[in-house]
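>
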Amino acid sequence: MSHQSLHFAEFAEKCKELGVELVTGKEKTISQKLTSQVQRSEFVIFAGLPPAISDRFFALSGNKCREANKANLSTIASAQTCITYSTDLIAGSGSAVIVTNTLEERQATSLAPELIVFCRNPKVHHNVSDFLAAGRARLSPGTTLTIVSGPSRTADIEQILIKGVHGPKIVSVYVEEGAEN
Amino acid sequence: MVQRRIASVVKEECISALPTLIETITNSIESRGGHVKLAKNADDAREQVVALLRSHHVRRIVKSKSMTTEEIGLDDYLERDGFEIVSTDLGERAVQLAGDKPAHIVAPAIHFTREDFARLFREKEGAQVSSDPEEITKVARSLLRAKFLGAEAAISGANLLIAETGTVVLVTNEGNGRLGPSIPGLYISVAGVEKIVRNTSDASSILELLARSATGQSLTVYTTFTSPPQVAADGHRQEFYLVLIDNGRLSATKNFLAPALKCIRCGACLNTCPTFNCLGGHVFGDIYTGPMGVLWTSITQGVDKANEFSDLCISCGLCSSVCPTEIPLAEIISDVKSRGMNRRGRRISEKLLTSVEKLDRAACLSPRLWNKLSSSSLASPVMPILGLDRRRRALGVAHPLKFLDNLGAPDTTLIYFSDVFARYHNPAIAIHAKRVSNELGHNLYFPTSQVEAGMPYLSYGMVQSARRIAKKNIELLWEYVNLGYRVVVTEPTALYILREVYPRISPSKEADAIASNSYSLGSLVLEAVESGKCKLDKPSVGAKVFYHSPCHARAVEKTPYSQLLELSGYTVTESDVTCCGMGGTFGYKKGALGYELSMVVGKELFEQLKSFGEGIVTTDSSVCSIQMSDGAQKTSVHPLQLLKVLQ
Ligand code: SF4
Ligand code: SF4
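So the sequence lines, in the order shown, correspond to chains A and B.
Read in order, the letters of the first sequence correspond to residues 1 to 181 in this note's numbering.
Read in order, the letters of the second sequence correspond to residues 1 to 647 in this note's numbering.
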């Protein structure tokens, strides 16, 4: 087993622990699952998807979707689902790294009750230190890099764990295998 | 351990380079169109923030978790000035609605029940909400969502600031730290200068450690690296200001408080502190609470302010042992107390409790006379006059321990570092230690010129005296350790002192060598049993034993005695309380800051002892043994008394 496969297996375990749905498959499977997901949602916002991918998703989901960068705050805030993109996953903490380049993308990934992180052949790092050491963390001016590890949560009330405070209550990671990045 | 070491070194290096790092981050941020302000103190910081808000004509502000804004009293100040500032962390919002202050740096509303939360949202926000935590959270989400969407400015703290890239790193579980700064046109980050690290590599050494120490997570849900200024899709730039707070930090880099600047605000020291857990942050603390609160209050408001609650520390040492950046909290707190004592003078009880060995030596001149006097009806009225609680008894003495075994070769002889209890009050412990050592195939040699370990001096802030004592014992023990001997103890405080305290208060290669060659006798027994060199007799299989593990034992090692007792066939119930409350000699003092507090802290242990019922009670600590006797009327023995090693 390669390092990547081992890390991915660890990532999958951690996702289970955090209550993150992990969907893996080839383009067709992922497209089908995403389509049914989008159909369940009334309104979907895309944030930070590479153009080729957002075009594909637009084709799948028709007029239910909008690009965050072309929407205003109230439109963004009304989305039930946000689909975003990640190139890096972190095994030890079950995290996905999300980079947003505009305030709207950051808003979209923060406000929607449901967050879907789409990845194509992501690089899976062992832990945060490995990710940061790999030189893949983009900290250029204007960008926000967020390492998301599961649904938003609080334990402020009598230390009882409750999901979905300000950020998404449901987080899923869709990993498309075998495609060219 | 390695991660802690790395994080500690990284923080140390950053703190010592602070002036340069302030310059670097200023350049990084300003070269990209952001702004950096350095505020000398709390007043200056508040005024700078208000000036920024005014100049941007904003009134509605959302704030994400920031103890630093609590430190500078920003919320009240802004509210008085007509601004609407909303704390968006759920716990902090409840605290804000109650007009209260955070009780804990990580869990600010730890003192509220679900009913309190519901009542606050009903009364202050007009919400229809039951006391179901799910429902309260849902209601809070929608109430706060409206505040986020309508905010004209966002204020956040920072967990780290990366100088090289001008990046603000914020970790939150709720997502408010990520959402808040994404909406308005103005974003102000208010952070202490000690949050600056050099680069992402420094940041990575801290992030996982922070999550683990704060909440036990592998990583906090959102670790957000914002490299401002952020831009909107239409190219409009969000205005960004970093307000860096000095407020005593830069001068602390040059004094005894410097190690405290390594604090990453994880809250682990609060969670472990026995008195904090009994009294809470409103008693044990000011803005910053608990063990770290003593340090941070000293830095930001001065030692006098910290002295108002530093005496609540009973010197158990647990905070130092859990701190992920290796801050010697217990020792710094001793220093803080010491400054308080220098100002007010030593109380009679403190004089007495730091002279225990001298008094013991005098009492041992005629043990019979002393024992008669100390147990007579005259003794208890005298106790309060001496500042001690009349419900405590003066301990009886025996003929002092003078000799155990001859000194043999280093591989056949262990060196016994005693404590005053085994030496003057209960030499039976030393006799059992000799028996067990002999059963292991070793002599137990007792160098009589050793002096007391010195813990009371630290507890009462007499750091110089503690240092003098440390030097004497180091000098003596080094003679043996240098020749390859190992040092053993029967009292956990003695081990804590040798391993943790002496190397800090009297740093030298000798102190380090002694620290790494000192063991509890129990751990050597366990090692021998586990390696198959010997086994343990099982004299009374199934007999019930209650074992209490003392704070100082847990502060230095995984206590061996519970396992040894089980291997000896006993059915062991181990107490799960962090501290018996005695805190060395703290519980001997009269009044609220002494006996009474010690009994409050010990309450849970006493209850566990009562529900244990009949059976053998054991602990390796002399003071825990006294406390269990006074608080639960249970007589205990040292666990060595219950062990028999077979070759
Ligand atoms: S030494 Fe013990 S009592 Fe004192 S502050 Fe630390 S944990 Fe609390
Ligand atoms: S002093 Fe240490 S344990 Fe306490 S909050 Fe700071 S880093 Fe955490």
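All residues carry an ideal CB built from backbone N, CA and C; glycine is no exception.
Leaving out five residues before and five after A91 of chain A in sequence, what residues of the same chain have Cβ atoms less than 6 Å from its Cβ?
Locating residue 91 of chain A in the first sequence gives position 91, where the first residue counts as 1. Within the same chain, A91 of chain A has close Cβ partners H7, E10, F11, V124 and H126.
> Would you call the CB atoms of N443 of chain B and G408 of chain B closer than 7 Å?
The sequence position of residue 443 of chain B within the second sequence is 443, counting from 1. The sequence position of residue 408 of chain B within the second sequence is 408, counting from 1. Taking 7 Å as the Cβ cut-off, N443 of chain B and G408 of chain B qualify as a contacting pair.
> Suppose you measure from the CA of Q96 of chain B to the CA of E125 of chain B; what does that come to, to the nearest Å?
Numbered from 1 along the second sequence, position 96 holds the residue referred to as residue 96 of chain B. Numbered from 1 along the second sequence, position 125 holds the residue referred to as residue 125 of chain B. About 12 Å.
> Against chain B, with Cβ distances strictly below 7 Å, would P122 of chain A count as a contact?
Along the first sequence, read from residue 1 onward, the residue named residue 122 of chain A stands at position 122. Judged by the 7 Å Cβ criterion, P122 of chain A is not in contact with chain B.
> Just to check my reading of the structure: T167 of chain B and F225 of chain B have Cβ atoms closer than 8 Å, yes? What is that Cβ distance to the nearest angstrom?
Residue 167 of chain B sits at position 167 when you count from the first residue of the second sequence. Residue 225 of chain B sits at position 225 when you count from the first residue of the second sequence. Right, the Cβ-Cβ distance comes to about 5 Å (below 8 Å), so this counts as a contact.
> Can you tell me whether DSSP reads G408 of chain B as helix, strand or coil?
In the second sequence, the residue the question calls residue 408 of chain B occupies position 408. Looking at G408 of chain B - three-state DSSP - the assignment turns out to be coil, as it is neither helix nor strand.
> Less than 6 Å between the CB of H265 of chain B and some heavy atom of ligand 2, yes or no?
Locating residue 265 of chain B in the second sequence gives position 265, where the first residue counts as 1. In the sequence as presented, His is not what sits at residue 265 of chain B; that position holds Arg. Yes.
> Which runs of the beta strand (DSSP E) at least 3 residues long sit entirely within the region 94-176 of chain B? Give them in chain order.
The region 94-176 of chain B contains these whole beta strand (DSSP E) runs: 153-156, 160-162 and 167-172.
> Assign P229 of chain B to one of two classes, buried (16 or more other C-beta atoms within 10 Å of its C-beta) or exposed (fewer than that).
Indexing the second sequence from 1 puts residue 229 of chain B at position 229. Its Cβ being crowded by 16 or more others within 10 Å, P229 of chain B is buried.
> Just reading off the beta strand (DSSP E) that K644 of chain B is part of, what are its end residues?
Locating residue 644 of chain B in the second sequence gives position 644, counting from the first residue. Element bounds for K644 of chain B: n/a, residue is neither H nor E.
> Taking only beta-carbon atoms, is S182 of chain B less than 7 Å away from chain A?
As a first step, residue 182 of chain B must be located in the second sequence, where it is residue number 182. Judged by the 7 Å Cβ criterion, S182 of chain B is in contact with chain A.
> Taking only runs of the beta strand (DSSP E) that begin and end inside the region 95-136 of chain A, which ones reach a length of at least 3 residues, in chain order?
Counting only runs of 3 or more, we get 95-100 and 114-125.
> Who are the neighbours of V148 of chain A on chain B, taking C-beta pairs under 8 Å?
Within the first sequence, the letter at position 148 stands for residue 148 of chain A. Within chain B, the residues near V148 of chain A are V221 and Y222.
> Smallest Cα separation from K37 of chain B: which of B:Y588, B:Q48 and B:D43?
One-based indexing of the second sequence puts residue 37 of chain B at position 37. Ranking the options by Cα distance to K37 of chain B, first place goes to B:Q48.
> Give the residues of chain B in contact with S211 of chain A, contact being defined as C-beta atoms less than 8 Å apart.
Only positions 1 to 181 of chain A appear in the structure, and residue 211 of chain A is not among them; the question remains open.
> So, with DSSP's three-state summary, where would you put I147 of chain A?
Numbered from 1 along the first sequence, position 147 holds the residue referred to as residue 147 of chain A. Strand, per DSSP.
> Is any heavy atom in ligand 1 found nearer than 6 Å to the beta carbon of C580 of chain B?
Here residue 580 of chain B is taken as the residue at index 580 of the second sequence, counted from 1. No, Cβ of C580 of chain B sits at least 6 Å from all heavy atoms of ligand 1.
> Considering only the beta carbon of each residue, do T102 of chain A and A232 of chain B sit closer than 7 Å?
In the first sequence, counting from the first residue as 1, residue 102 of chain A sits at position 102. In the second sequence, counting from the first residue as 1, residue 232 of chain B sits at position 232. Yes, the pair counts as a contact, with Cβ atoms nearer than the cut-off.
> Quick one: is P51 of chain A buried, meaning 16 or more other Cβ sit within 10 Å of its Cβ, or exposed?
Position 51 of the first sequence, counting from 1, holds the residue named residue 51 of chain A. Looking at its Cβ environment, which holds fewer than 16 other Cβ atoms inside 10 Å, P51 of chain A is exposed.
> Tell me which same chain residues have a C-beta within less than 7 Å of the C-beta of N181 of chain A, skipping the five on either side of it?
By 1-based counting over the first sequence, the position of residue 181 of chain A is 181. Only weak support is given to the placement of N181 of chain A: the predicted model assigns it a pLDDT of 49, under 50, and the value that follows is read from those uncertain coordinates. R120 and N121, listed in sequence order.
> Can you grab the Cα-Cα spacing for the pair G668 of chain B / I196 of chain B, in whole Å?
With chain B running from 1 to 647 in the structure shown, residue 668 of chain B is simply not present.
> Can you pull the chain A neighbours of E527 of chain B, defined as C-beta to C-beta under 7 Å?
Counting from one through the second sequence, the residue named residue 527 of chain B turns up at place 527. Neighbours of E527 of chain B on chain A: none; closest Cβ ~32 Å, over 7 Å.
> Nearest to Y445 of chain B by alpha carbon, out of B:E574, B:A430 and B:A94?
Residue 445 of chain B sits at position 445 when you count from the first residue of the second sequence. Cα-wise, what sits closest to Y445 of chain B is B:A430.
> Tell me, which residues are paired with N443 of chain B by DSSP?
Counted from its first residue, the second sequence places residue 443 of chain B at position 443. According to DSSP, N443 of chain B bridges with B:T413.
> Quick check: what's the CA-CA separation for S213 of chain B versus E67 of chain A?
Mapped onto the second sequence, residue 213 of chain B falls at position 213. Mapped onto the first sequence, residue 67 of chain A falls at position 67. In a straight line, the C-alpha of S213 of chain B is about 39 Å away from that of E67 of chain A.
> Is L242 of chain B close to chain A? Criterion is C-beta to C-beta, closer than 7 Å.
Here the question's residue 242 of chain B lines up with position 242 in the second sequence. It does not; no Cβ of chain A falls within 7 Å.
> Using the Cα positions of Q464 of chain B and E604 of chain B, report the straight-line distance between them to the nearest angstrom.
Taking the first residue of the second sequence as 1, we reach residue 464 of chain B at position 464. Taking the first residue of the second sequence as 1, we reach residue 604 of chain B at position 604. So the alpha carbons of these two residues sit roughly 35 Å apart.
> Taking just the CA atoms, how far does V525 of chain B sit from I116 of chain A?
Numbered from its first residue, the first sequence carries residue 116 of chain A at position 116. Numbered from its first residue, the second sequence carries residue 525 of chain B at position 525. Roughly 56 Å between the two C-alpha positions.
> Would you kindly report the start and end of the unbroken alpha helix (DSSP H) that includes A632 of chain B?
Residue 632 of chain B sits at position 632 when you count from the first residue of the second sequence. Where A632 of chain B is concerned, the enclosing alpha helix (DSSP H) stretches over S622 to A632.
> Specify the secondary structure class of K533 of chain B as computed by DSSP and reduced to three states.
Locating residue 533 of chain B in the second sequence gives position 533, where the first residue counts as 1. In this structure, K533 of chain B counts as coil in the three-state DSSP scheme.
> Just the C-alpha distance for A42 of chain B and H638 of chain B, rounded to the nearest angstrom, thanks.
Position 42 of the second sequence, counted from the first residue, corresponds to residue 42 of chain B. Position 638 of the second sequence, counted from the first residue, corresponds to residue 638 of chain B. If I take the Cα positions, the gap works out to 52 Å.
> Do you know how far the Cα of L160 of chain B is from the Cα of E114 of chain A?
Taking the first residue of the first sequence as 1, we reach residue 114 of chain A at position 114. Taking the first residue of the second sequence as 1, we reach residue 160 of chain B at position 160. Their backbone Cα atoms lie some 28 Å apart in a straight line.
> Taking C-beta pairs closer than 7 Å, name the residues in chain B that D156 of chain A reaches, listed in chain order.
Position 156 of the first sequence, counted from the start, is the residue given in the question as residue 156 of chain A. L90, G91, A107 and A109, listed in chain order.
> For ligand 1, any of its heavy atoms closer than 6 Å to the Cβ of T275 of chain B?
As a first step, residue 275 of chain B must be located in the second sequence, where it is residue number 275. Yes, Cβ of T275 of chain B sits closer than 6 Å to a heavy atom of ligand 1.
> Taking a contact to mean a Cβ-Cβ separation below 7 Å, would you say M455 of chain B touches G584 of chain B in this structure?
The sequence position of residue 455 of chain B within the second sequence is 455, counting from 1. The sequence position of residue 584 of chain B within the second sequence is 584, counting from 1. The answer is yes: Cβ separation under 7 Å.
> Which residues of chain B have a Cβ atom closer than 9 Å to the Cβ of N127 of chain A, listed in chain order?
Walking along the first sequence from the start, residue 127 of chain A turns up at place 127. Chain B residues near N127 of chain A: S204, E208, S218 and L219.
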